[in-house]
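Residue numbers (my numbering): 27 to 715.
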């Protein structure tokens with residue numbers, strides 16, 4: 027999923043992030059070879075995975091339960107670890123061309139070259155990758171024809187990446203590995219708003235990351251590991267505004283994030299039990315994070331924020347019963363216990379434990395569960411933020427654009443002052459998570475069936491975000507809700523009939539000129555809304571089930587597989603304060619739907635492979651009010667075919683050559699259209715889903 031901050035107008039780098047279970051990219055920890063990397067965006071709130079060259083990735087490991095007890099902050103929803111290739115001998119080149127079948131298709135090209143050499147005690151690998159994608163115009167897609175032109179549905183991007191990896195055995199008991207990554211990307215985006223003003227955004231981003239890992243064997247199956255990492259991300263955003271009646275203006279903003287960290291870990295067997303060894307790992311961690319930004323777009327005040335984190339952690343694997351113990355209905359019983367103590371220089375101390383249990387009544391069936399807590403400090407770019415901005419608009423225009431009905435005739439044509447930005451006194455988020463599930467597998471002959479399911483319940487406290495609005499209606503409807511019942515919003519989040527002093531206080535807090543396209547008088551303000559300010563809300567709860575069912579049959583020349591993966595969300599709730607209503611977000615625009623599934627029919631042979639994927643997104647509604655407009659479900663098919671000569675077909679240059687064809691959205695199914703929101707830059711569909 028695209029990160030919330032990755033495509034934010036003129037301040038984004040147009041990257042991509044991982045967002046497990048819809049909890050936001052800031053709740054998923056992304057690692058590269060087990061190490062943290064510097065975050066992207068002007069507030070440092072996500073890791074841009076698109077800057078990692080795809081050619082260099084060997085595999086992706088995903089841990090989908092809370093892992094803060096080992097990995098620390100950000101691992102609330104889980105951990106995604108990108109493991110790089112490190113054992114390659116020879117040369118590999120590839121070219122990938124892509125286009126769309128209808129409309130002004132955004133052509134894509136990806137070129138890569140990989141070279142490596144191995145020797146008895148180590149190896150070296152180098153990867154270069156070039157990626158280029160054209161922009162996609164709104165007028166080239168029927169579902170976006172209500173948008174304002176000229177605008178881009180997708181920005182243009184050009185990226186170059188280089189990665190090198192070295193592994194070397196120093197002795198029979200010592201190994202070291204180092205890797206370096208450099209990526210640079212240029213992106214261009216164009217938007218036109220409902221007033222006819224156009225904005226051209228140019229973003230240049232550079233990523234540099236170095237990491238090293240050393241392992242020493244101490245004897246008796248004990249190891250000591252040393253890790254070190256340094257990373258930086260720099261972005262320059264240039265915005266050219268062409269405003270009707272005001273001419274062209276150009277503004278520039280720069281931002282830079284840095285992270286360097288060091289870890290040491292000791293691991294090995296502590297004692298022996300009848301079911302096996304009790305294995306432990308003890309570690310210490312230090313991390314320094316920095317963020318700096320400057321410019322005249324949104325925030326003219328140069329920002330510098332820095333944070334030190336010290337942590338100590340431990341983990342123990344305790345086998346109680348093993349198959350060798352031959353105990354009826356208890357084939358295996360294991361515990362995993364871990365804990366992490368961390369000291370943040372700006373937010374104090376925290377201790378986060380995790381307890382996991384695995385029980386197997388017999389071969390092929392595992393039943394598991396876990397309990398964990400997490401602690402997440404706010405992104406550095408939000409700490410002490412001074413970024414308040416505001417817009418002044420008539421409610422008559424807002425009600426007309428968004429098809430809203432005034433709660434009272436007195437609200438039909440008044441002036442609304444809407445404030446956005448970040449609260450100056452943020453607190454860290456905390457959470458607790460429960461998971462429970464099973465894994466089943468059964469073989470008979472050439473057949474294998476597997477099934478798994480995981481129930482999760484994640485409860486955030488002091489969750490960062492804007493104030494949830496009952497019914498999930500657009501925030502411009504808040505004036506009607508507050509008029510009918512002032513208690514639906516926290517005290518101080520809105521004001522009716524503000525005094526001149528209250529308006530002066532708002533104007534004095536702004537860091538940029540007020541947005542006032544119609545030349546309204548701020549002192550005519552009837553309603554002040556502070557609902558868009560990012561603050562600590564009372565809680566956020568996500569509950570649901572991840573599931574997978576797969577059948578595999580071994581054939582004479584390959585394997586055939588049928589599989590179904592999906593996630594069902596039963597709750598996705600938010601609450602501003604303990605006294606305001608609980609707002610159910612699930613199944614509304616810009617929030618997760620209750621059911622997503624992906625079916626697979628795949629065949630893997632020695633030289634020929636193919637797969638057909640069926641993707642399903644359930645139907646939902648624009649909001650949770652009686653007048654909500656339904657949004658259709660969406661079913662698409664993807665097709666992938668591969669012919670690989672490997673080393674048994676062809677000769678010379680044709681050996682070890684693969685040809686692949688991928689078709690995404692095989693039958694060209696448009697996403698279900700939105701009946702509104704084009705006027706705020708949403709392109710006729712729901713980008714969240």
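The beta carbon of each residue, even a glycine, is placed where N, CA and C say it ideally should be.
From a predicted model like this one, the values you see are computed outputs, not experimental measurements.
Spatially closest choice to residue i from the options, by CA coordinates
i	options	result
residue 486	102, 701 and 653	102
residue 107	68, 134 and 61	61
residue 599	606, 612, 246 and 592	612
residue 460	492, 382, 439 and 475	382
residue 126	58, 698 and 692	692
residue 192	508, 204 and 178	204
residue 319	68, 144 and 446	68
residue 299	606, 649 and 345	345
residue 267	292, 476, 331 and 217	217
residue 110	270, 83 and 248	83
residue 592	643, 550, 628 and 196	643
residue 282	65, 201, 44 and 546	65
residue 674	694, 640 and 632	632
residue 88	286, 105 and 247	105
residue 150	112, 133 and 162	112
residue 602	491, 634 and 662	491
Residue i versus residue j - alpha carbon distance
i	j	result
residue 615	residue 655	10 Å
residue 619	residue 712	11 Å
residue 208	residue 284	14 Å
residue 494	residue 502	13 Å
residue 453	residue 413	17 Å
residue 349	residue 376	38 Å
residue 174	residue 180	14 Å
residue 669	residue 391	36 Å
residue 142	residue 190	9 Å
residue 260	residue 472	53 Å
residue 334	residue 165	48 Å
residue 563	residue 630	49 Å
residue 91	residue 623	20 Å
residue 250	residue 256	21 Å
residue 666	residue 637	5 Å
residue 322	residue 645	With a pLDDT of 47 at residue 322, under the threshold of 50, the modelled position of this residue cannot be trusted; read the value that follows with caution. Distance between the alpha carbons of residue 322 and residue 645: 42 Å.
residue 237	residue 254	6 Å
residue 658	residue 607	28 Å
residue 445	residue 568	28 Å
residue 484	residue 566	8 Å
residue 226	residue 710	20 Å
residue 572	residue 509	41 Å
residue 223	residue 419	16 Å
residue 651	residue 152	56 Å
residue 525	residue 374	39 Å
Cβ neighbour criterion (16 or more within 10 Å) applied to residue i
i	result
residue 114	buried
residue 370	buried
residue 48	buried
residue 272	exposed
residue 544	exposed
residue 684	exposed
residue 704	At residue 704, the pLDDT of 49 sits below 50, so the modelled position is not reliable and the matter cannot be decided from this model.
residue 421	buried
residue 580	exposed
residue 405	buried
residue 324	Note that residue 324 scores a pLDDT of 48, beneath 50, so its modelled location is shaky and nothing firm can be said.
residue 617	buried
residue 682	exposed
residue 178	buried
residue 155	buried
residue 402	buried
residue 672	exposed
residue 40	buried
Proximity test, Cβ basis, 7 Å: residue i and chain B
i	result
residue 120	Note that chain B does not occur in the displayed structure, where there is just one protein chain.
- Message: Count Cβ pairs between the region 506–526 and the region 465–476 that sit closer than 8 Å; are there 3 or more?
- Response: The region 506–526 is not in contact with the region 465–476.
- Task: Only counting runs of 3 or more residues, tell me where the beta strand (DSSP E) segments fall wholly within the region 594–665, in order along the chain.
- Result: The region 594–665 is shown to contain whole beta strand (DSSP E) runs of 3 or more residues at 608–610, 621–631 and 634–643, in chain order.
- Message: Is it the case that the region 201–220 contacts the region 182–192, given that we only count it when at least three CB pairs across the two stretches are under 8 Å?
- Response: Counting Cβ pairs under 8 Å, three or more are found: they touch.
- Examine the Cβ distances between the region 344–363 and the region 423–436 and report whether three or more of them are shorter than 8 Å. At 8 Å Cβ cutoff, the stretches do not touch.
- Item | Ranges of the alpha helix (DSSP H) found wholly within the region 400–453, counting only runs of at least 4 | Taking 4 residues as the minimum length, the alpha helix (DSSP H) runs contained wholly in the region 400–453 are 421–427, in order along the chain.
- Length at least 4, wholly inside the region 167–249: the alpha helix (DSSP H) runs in chain order: Fully enclosed alpha helix (DSSP H) runs of no fewer than 4 residues are not present anywhere in the region 167–249.
- Query: Is it true that the region 299–318 meets the region 339–348, where meeting means three or more beta-carbon pairs spaced less than 8 Å apart?
  - Reply: Yes: the two stretches touch, three or more of their Cβ pairs being nearer than 8 Å.
- Item | beta strand (DSSP E) runs contained entirely in the region 669–713, provided each spans 3 or more residues | Restricted to the region 669–713, the beta strand (DSSP E) segments that are unbroken, complete and at least 3 residues in length are 684–689, listed in chain order.
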